[in-house]
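Just add 8 to the spot in the sequence shown (first one is 1) and you have the numbering used here. Even for Gly, the Cβ is constructed at its ideal location relative to N, Cα and C.
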Amino acid sequence: MQILVVGGGGREHAIIKSLKKNALVEKIYALPGNGGIAKDAECFPIKANDVDGIVDFAKNHKIDFAVVAPDDPLVLGLVNRLEDLSIPCFGPRAEAAIIEGSKVFSKNLMKKYGIPTADSETFSDPVKAIEYLKNSSYPTVIKADGLALGKGVIIAKDFDEAKQAVNDIMMDKCFGASGNNILIEEFLTGPEVSVLSFTDGNIVVPMVSSMDHKRAKDGDEGLNTGGMGTVAPNPYYTEAVQKECMEKIFLPTINAMNAEGRTFKGCLYFGLMLTPKGPKVIEYNCRFGDPETQVVLPLLESDLLDIMLKTSKGQLSVDDVKFSKGAACCIVLASDGYPQKYSTGFEMKLPLDSEDEFIYIAGAKKDGDKLLTAGGRVLGAVAKADNLKDAVKKAYAYSDKIYFENAYKRSDIGKKALMALENN
Ligand code: AMP
Ligand code: GLY
């Protein structure tokens, strides 16, 4: 089979390496991929949100199956366009991807179908929003409606900060049209859990749970990033919590999307907060998380391509998806200064991989035989082990063997999870 993977980060590298395990795969194209992915797939410099360019590429290459990984092309309707050409895809159509594309849509869906989430109000008028904020309790949460590169959520500790956020988003349009509408949302507390799931529109099969570390600095300080590291499984996500989530969140969400005529097929990501009043949805993503995928897929024992094909056909069964009992940890190595200003173009020296230790490249370009850094997040160093403690230890030891000038990593990935395990 000839496979097309849209996207070019660490998540896509992890997906491609998993897909390659299936003997049916003859060739994988990555658009745009990156210099590190080029070892595992043929990369072409077509951007992931260049829907027309990708459709043309797919027409000219005999693509048997396409995997659309990032949010933008999904929300823009790339899957609709490829399916119109009779190219089967893994990923939701635009009418279902809206569950991530519009936070107002997803909030209304949850309210209508009784899915637990933070209380909130929607505003299209900044004056009314600021009036409302005068009587809010703090901290409060302000969210831009549309996609904002993961930066559209502001936690305001007082009225002044909240007012500033409304001005930035709605008047100065710091996230463009994504800020035409905003949500003002109740501030929730509790451990966060990421649960990725496969759903074919009929059933929903959760993958192993994970924990992201979004802030740039140790101790969850510093700016929000795309994610500085992950562990799986997430120790807060017990079997009892999983059962509750399935009954109150996962199945009701799939059923709600069907009832709205927006059947979701693909990977539905539940961003959850385990509050004192039970699990609540913080966000939905219409795709695999990055860097969650980098710890989830290494623990998948079943064949990823088989699962994806069955998902796209609406023929998935629970038995198709098996995870190992082990654990995994991903340490992101970034260019120092990320998520703000940073330099790139430094040569990377990488250790050999093994069965249990490997690297997913997120931002790199080739220069002859050399691999140079080319992004904020450069790579993820991943290790698997029988338990979380060993996985974290191995991932850090492995990451210490990686060298490029300017490399930055957090030193406490997994710390919170290990403390939770000890307290259990
Ligand atoms: P999101 O982009 O929706 O995942 O939000 C980014 C981060 O903001 C989440 O991972 C949470 O840590 C935090 N967050 C979002 N919504 C809330 C909320 N209602 N209460 C507390 N924290 C929140
Ligand atoms: N790691 C969070 C995300 O992919 O949005």
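### Query
Do T261 and V212 come within 9 Å of each other at the CB atom, strictly closer than that value?
The sequence position of residue 212 within the sequence shown is 204, counting from 1. The sequence position of residue 261 within the sequence shown is 253, counting from 1. The criterion of a C-beta distance shorter than 9 Å is satisfied by V212 and T261.
### Task
Pull up the distance between the alpha-carbon of A56 and that of N143, whole angstroms please.
Locating residue 56 in the sequence shown gives position 48, where the first residue counts as 1. Locating residue 143 in the sequence shown gives position 135, where the first residue counts as 1. Between A56 and N143, the C-alpha separation is close to 42 Å.
### Start-to-end residues for the beta strand (DSSP E) that takes in T86
Looking up residue 86 in the sequence shown gives position 78. One point to set straight first is that residue 86 is Leu, not Thr, in the sequence displayed. No beta strand (DSSP E) holds L86; the alpha helix (DSSP H) holding it covers 86 to 92.
### Query
At a cut-off of 8 Å, is D220 close to ligand 2 when judged by its beta-carbon and the heavy atoms of the ligand?
One-based indexing of the sequence shown puts residue 220 at position 212. Within the cutoff, so yes.
### Message
Under DSSP, the beta strand (DSSP E) around R385 begins and ends at which residues?
### Response
Along the sequence shown, read from residue 1 onward, the residue named residue 385 stands at position 377. Counting along the chain, the beta strand (DSSP E) containing R385 begins and ends at 385 to 393.
#### Entry: Beta-carbon proximity check, V303 vs C337, cutoff 9 Å
Residue numbering aside, residue 303 sits at position 295 when the sequence shown is read from its first letter. Residue numbering aside, residue 337 sits at position 329 when the sequence shown is read from its first letter. Taking 9 Å as the Cβ cut-off, V303 and C337 qualify as a contacting pair.
### Distance between beta carbons of A403 and L387, contact taken as under 8 Å
One-based indexing of the sequence shown puts residue 387 at position 379. One-based indexing of the sequence shown puts residue 403 at position 395. About 12 Å; that fails the 8 Å criterion.
### Task
Please name the residue in G15, L32, Y121 whose C-alpha comes closest to that of V76.
Within the sequence shown, the letter at position 68 stands for residue 76. It is G15 whose Cα lies nearest to the Cα of V76.
### Task
Compute the minimum distance between the beta carbon of T197 and the heavy atoms of ligand 1, and state whether it is under 8 Å.
Taking the sequence shown and counting its residues from 1, one reaches residue 197 at position 189. T197: yes, Cβ under 8 Å from ligand 1.
### Task
Would you kindly report the start and end of the unbroken beta strand (DSSP E) that includes P260?
Position 252 of the sequence shown, counting from 1, holds the residue named residue 260. No beta strand (DSSP E) contains P260, which is instead part of the alpha helix (DSSP H) from 259 to 267.
### Query
How about G41: is its Cβ closer than 8 Å to a heavy atom in ligand 1?
Locating residue 41 in the sequence shown gives position 33, where the first residue counts as 1. No - ligand 1 has no heavy atom lying nearer than 8 Å to the Cβ of G41.
### Query
First and last residue of the alpha helix (DSSP H) that includes T301?
On the sequence shown, residue 301 is found 293 positions in, with the first residue counted as 1. Note, T301: alpha helix (DSSP H), 301 to 304.
### Query
Where F272 and G384 are concerned, what is the direct C-alpha to C-alpha distance, given to the nearest angstrom?
As a working note, residue 272 is residue 264 in the sequence shown. As a working note, residue 384 is residue 376 in the sequence shown. Roughly 32 Å between the two C-alpha positions.
### Task
Can you check DSSP and say which residues form a bridge with I190?
On the sequence shown, position 182 is the one that residue 190 refers to. For I190, which the question treats as bridged, DSSP gives the partners F131, A152.
### Message
Taking 8 Å as the limit between beta carbons, can you name the residues of its chain near G322, skipping five residues before and five after?
### Response
Residue numbering aside, residue 322 sits at position 314 when the sequence shown is read from its first letter. Taken in chain order, the residues that qualify are D208, G209, N210, K273.
### Task
Give a yes or no on contact between the stretch 376 to 383 and the stretch 328 to 336, applying the rule of three or more CB pairs nearer than 8 Å.
no
### Query
Do F52 and L32 come within 9 Å of each other at the CB atom, strictly closer than that value?
Locating residue 32 in the sequence shown gives position 24, where the first residue counts as 1. Locating residue 52 in the sequence shown gives position 44, where the first residue counts as 1. Not in contact: L32 and F52 (Cβ atoms no closer than 9 Å).
### Message
Per DSSP, what are the beta-bridge partners of Y411 in this structure?
### Response
In the sequence shown, residue 411 corresponds to position 403, counting from 1. Paired residues: K357.
### Task
Just tell me which of K349, L282, N293 has its CA closest to the CA of A382.
Taking the first residue of the sequence shown as position 1, residue 382 is located at position 374. The shortest Cα separation from A382 among K349, L282, N293 belongs to K349.
### Query
Does the Cβ of T197 have 16 or more other Cβ atoms within 10 Å, making it buried, or fewer, making it exposed?
Mapped onto the sequence shown, residue 197 falls at position 189. Flag for T197 reads exposed.
### Message
Between the alpha carbons of F206 and T319, how many angstroms are there, rounded?
### Response
The residue given as residue 206 occupies position 198 in the sequence shown. The residue given as residue 319 occupies position 311 in the sequence shown. F206 and T319: Cα-Cα distance of roughly 7 Å.
### Message
Tell me whether V161, by its Cβ, gets closer than 8 Å to a heavy atom of ligand 1.
### Response
Locating residue 161 in the sequence shown gives position 153, where the first residue counts as 1. A heavy atom of ligand 1 is found nearer than 8 Å to the CB of V161.
### Query
Which residues share a DSSP beta bridge with K435?
No statement about residue 435 is possible, as the shown extent of the chain runs from 9 to 432 and does not include it.
### Query
Would the beta-carbon of A31 be found less than 8 Å away from any heavy atom of ligand 1?
To locate residue 31, count along the sequence shown from 1; it is residue 23. No, Cβ of A31 sits at least 8 Å from all heavy atoms of ligand 1.
### Message
For E434, count the other beta carbons within 10 Å of its own beta carbon; 16 or more makes it buried, fewer makes it exposed. Which is it?
### Response
With the chain covering 9 to 432 only, the question about residue 434 has no answer from this structure.
### Task
Taking only heavy atoms of ligand 4 into account, decide whether any of them is closer than 8 Å to the Cβ of V83.
Judged by which ligands are present, ligand 4 is missing from the structure shown, whose ligands are ligand 1 and ligand 2.
### Message
Quick check on the DSSP output: what are the complete alpha helix (DSSP H) runs of length 4 or more inside the stretch 34 to 82, in order along the chain?
### Response
59 to 68
### For L341 and K417, believed in contact at Cβ under 8 Å, the rounded distance
In the sequence shown, residue 417 corresponds to position 409, counting from 1. In the sequence shown, residue 341 corresponds to position 333, counting from 1. Going by Cβ atoms, the distance from K417 to L341 rounds to 5 Å, so yes, they are a contact pair.
### Validate contact between the stretch 98 to 109 and the stretch 123 to 131 using beta carbons, cut 8 Å, 3 pairs
no
### Message
Suppose you measure from the CA of K151 to the CA of F65; what does that come to, to the nearest Å?
### Response
Counted from its first residue, the sequence shown places residue 151 at position 143. Counted from its first residue, the sequence shown places residue 65 at position 57. The alpha-carbon atoms of K151 and F65 are separated by roughly 36 Å.
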